[in-house]
């Protein structure tokens, strides 16, 4: 079987890369959200202590 000309294997490969990119986007969003939340907590703590 030739995998290069097989549309099913190409589709499978595309769906796998799509899943990976979706995961990375989700990871990126959650990471930036956690960083923002952490900075917010630190800022509030400094504001309350000052």
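Numbering (this note's numbering), first residue to last: 1301 to 1350. Every residue gets a Cβ at the ideal spot worked out from N, C-alpha and C, and that includes glycine.
Measure the alpha-carbon distance for residue i versus residue j and round it to whole angstroms.
| i | j | result |
| --- | --- | --- |
| residue 1309 | residue 1331 | 33 angstroms |
| residue 1337 | residue 1349 | 18 angstroms |
| residue 1307 | residue 1340 | 49 angstroms |
| residue 1324 | residue 1347 | 34 angstroms |
| residue 1317 | residue 1326 | 14 angstroms |
| residue 1329 | residue 1335 | 10 angstroms |
Could you pull the start and end residues of the alpha helix (DSSP H) that residue i belongs to?
| i | result |
| --- | --- |
| residue 1320 | 1307-1349 |
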